[in-house]
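Student: Residue numbers (our numbering): 22 to 353. Ideal placement from N, C-alpha and C gives every residue a C-beta, glycine not left out. Quantities reported herein were computed from a predicted structural model and do not represent experimental measurements. Right, I'll just put the structure down here and ask away after.
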Amino acid sequence: MDVAHELTEFLGQVEQRLTELLADGDVGPDVKGDTLMDAARHLCLGAGGKRARPMLVRLFGSVVGVPAARLVDVGVAAEMIHSASLLHDDVVDAGMFRRGRPTVNARWGNIVAVMSGDLILSTALSRLSMLDARLVQSGLAIVTEMTRAAIAEVEARGDLNLPLTRLRYIAEGKTGSLFGWCGKAAATLADQPEAQARFDAFGRHLGVAFQIADDIRDILGTDVGKPRYADVHSRTPSLPILLAVSRDESLRRKLKDAWAFSVITPERTREIGAAIEATGAVEASMDMMNAEIGAALDKLGPFANDAAGAELMSWAHRLSEGIAQQVKGRAA
Numbered sequence: 022m023d024v025a026h027e028l029t030e031f032l033g034q035v036e037q038r039l040t041e042l043l044a045d046g047d048v049g050p051d052v053k054g055d056t057l058m059d060a061a062r063h064l065c066l067g068a069g070g071k072r073a074r075p076m077l078v079r080l081f082g083s084v085v086g087v088p089a090a091r092l093v094d095v096g097v098a099a100e101m102i103h104s105a106s107l108l109h110d111d112v113v114d115a116g117m118f119r120r121g122r123p124t125v126n127a128r129w130g131n132i133v134a135v136m137s138g139d140l141i142l143s144t145a146l147s148r149l150s151m152l153d154a155r156l157v158q159s160g161l162a163i164v165t166e167m168t169r170a171a172i173a174e175v176e177a178r179g180d181l182n183l184p185l186t187r188l189r190y191i192a193e194g195k196t197g198s199l200f201g202w203c204g205k206a207a208a209t210l211a212d213q214p215e216a217q218a219r220f221d222a223f224g225r226h227l228g229v230a231f232q233i234a235d236d237i238r239d240i241l242g243t244d245v246g247k248p249r250y251a252d253v254h255s256r257t258p259s260l261p262i263l264l265a266v267s268r269d270e271s272l273r274r275k276l277k278d279a280w281a282f283s284v285i286t287p288e289r290t291r292e293i294g295a296a297i298e299a300t301g302a303v304e305a306s307m308d309m310m311n312a313e314i315g316a317a318l319d320k321l322g323p324f325a326n327d328a329a330g331a332e333l334m335s336w337a338h339r340l341s342e343g344i345a346q347q348v349k350g351r352a353a
């Protein structure tokens, strides 16, 4: 099996299907264009998305022998569910840029962003209903979990006493649950219950690691298209921040005081960010990320012996190695 070639071909099919689904719809007479689809295309097409979720769908599906043709709509649905969550997140966070481009809410306003997200989500679930009703049920459960995690994240803003268990719940709900669903959906099509459980657990652990990696990149300033220390500026208690304030009580007081003001100056943000790095919280976060990756690989079990399973393991290792190189590069 030429994994790289098959992945490239599959992702091309996903891209084509996304383009077809995001074409202008029936907007009635005397209307030029489809604003909601314009907004959806702005985010979903040609904006530098990694397509990590469709890639996972293909790899999981290959492990259990599901033909690529049956997986395209699953990959498309996973990407659209993810995109809908990004549209809604940007409204909640008042985000102005994503992937180096203006967000939908910055360009068209909050109403269009929310409605476009809803339209993308309903389109994804509609595609799944034509493939297998079981995927709609599990997909709805994931949307519910992602929504609860998103509101938990909003409620956690500014909370420097947030338990790490609560932070992990947010990361698993926002990212890990959909990663896990990519595997669970593929295994559902193959009617393999053991694979469903193992793939779901693998994806959830990997998704948490993925989120921790994002938290680390924020502190290192290596997240392309995102300003350094954005979590400090937005009062988001990320893993490095929580670990840092648990190690340095004076930093906790400084950050609490800074978050008490409506606006944090860039100078103050940089000062606090540097103090977070000085505590060793980045390295401690990396250790926790690697523990999640190790747990993910353990859950894969015998399915790791397949070529696509080996690629899943390799992808997880590359996540760890990439962060390690960024940390090393900062120290150099």
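1) Take Leu333 and list the residues in its own chain whose beta-carbon comes closer than 6 Å to its own, dropping the five residues that flank it on each side.
2) Is the separation between the beta-carbon of His338 and that of Thr290 shorter than 7 Å?
3) Using CA atoms only, rank isn't needed, just tell me which of Arg72, Ala61, Asp94, Asp244 is closest to Val18.
4) For Phe118, which residues does DSSP report across the bridge?
5) Just mark Glu41 as buried or exposed, buried being the case when its beta carbon has 16 or more other beta carbons within 10 Å.
6) According to DSSP, simplified to helix, strand and coil, what is Ile240?
7) Determine the contact status of Val35 and Val85, defining contact as a CB-CB distance below 7 Å.
8) From which residue to which residue does the alpha helix (DSSP H) around Val157 run?
9) To which residues of the same chain is Val52 closer than 6 Å at the C-beta, ignoring the five residues directly before and after it?
10) In three-state DSSP terms, what is Leu66?
11) Distance, Cα to Cα, Phe200 vs Val164?
12) Please list, in chain order, all residues of the same chain as Gly322 whose beta carbon is under 8 Å from its beta carbon, the five residues on each side excluded.
13) Starting from Arg189, trace the alpha helix (DSSP H) in both directions and tell me its first and last residue.
14) Can you give the beta carbon distance from Met167 to Ile233, rounded, assuming they're within the 8 Å contact cut?
15) Quick check: the Cα distance between Arg273 and Ala206, rounded to an integer number of angstroms?
16) Give a yes or no on whether the C-beta atoms belonging to Val113 and Val135 are separated by under 7 Å.
17) Please name the residue in Ser283, Val284, Ala222, Glu100 whose C-alpha comes closest to that of Arg38.
18) With contact counted as at least three CB pairs below 8 Å, one residue from each stretch, are the segment 227–241 and the segment 152–160 in contact?
19) Taking Cβ to Cβ, would you say Ala265 is nearer than 7 Å to Ile297?
20) Looking at Pro248: is its Cβ nearer than 7 Å to the Cβ of Val303?
21) For Ala44 versus Val125, is the C-beta distance shorter than 7 Å?
22) Assign Arg18 to buried or exposed, taking buried as 16 or more other Cβ atoms, counted over all protein chains shown, within 10 Å of its Cβ.
23) Please state whether the Cβ-Cβ distance between Glu313 and His226 is less than 7 Å.
24) Would you call the CB atoms of Arg256 and Gly179 closer than 7 Å?
25) What is the DSSP secondary structure of Arg256, counted as helix, strand or coil?
Tutor: Checking against the coordinates, here is how it stands:
1) Only Leu80 meet the Cβ criterion.
2) Their beta carbons are not under 7 Å apart, which means His338 does not touch Thr290 by this criterion.
3) Here the chain comprises residues numbered 22 to 353, so residue 18 is not present and cannot be evaluated.
4) For Phe118, the beta-bridge partners assigned by DSSP are Pro123.
5) Counting Cβ neighbours within 10 Å, Glu41 comes out exposed, since fewer than 16 surround it.
6) Correct three-state label for Ile240: helix.
7) Between Val35 and Val85, the C-beta spacing is not below 7 Å.
8) That run of the alpha helix (DSSP H) goes 154–176.
9) With a pLDDT of only 48 at Val52, under the threshold of 50, the placement of this residue in the model should not be trusted, and no figure is reported.
10) Coil, per DSSP.
11) Computed Cα separation, rounded: 12 Å.
12) Answer for Gly322: Arg219, listed in chain order.
13) DSSP places Arg189 inside the alpha helix (DSSP H), whose first and last residues are 185–192.
14) With a contact defined as Cβ atoms closer than 8 Å, Met167 and Ile233 miss out at about 18 Å.
15) In a straight line, the C-alpha of Arg273 is about 43 Å away from that of Ala206.
16) Their beta carbons are not under 7 Å apart, which means Val113 does not touch Val135 by this criterion.
17) When only C-alpha atoms are compared, the closest one is Glu100.
18) With the cut-off at 8 Å, the segment 227–241 and the segment 152–160 do not touch.
19) Contact flag set, yes.
20) No, the Cβ-Cβ distance between Pro248 and Val303 is not below 7 Å.
21) No; because the gap between Cβ atoms is not below 7 Å, this pair is not in contact.
22) No information on residue 18 is available, as it lies outside the stretch 22 to 353 that the chain covers here.
23) It is a contact, given that the beta carbons lie within the stated cut-off.
24) In this structure, Arg256 places its C-beta atom within 7 Å of the C-beta atom of Gly179.
25) The answer is coil: DSSP assigns Arg256 none of H, G, I, E or B.
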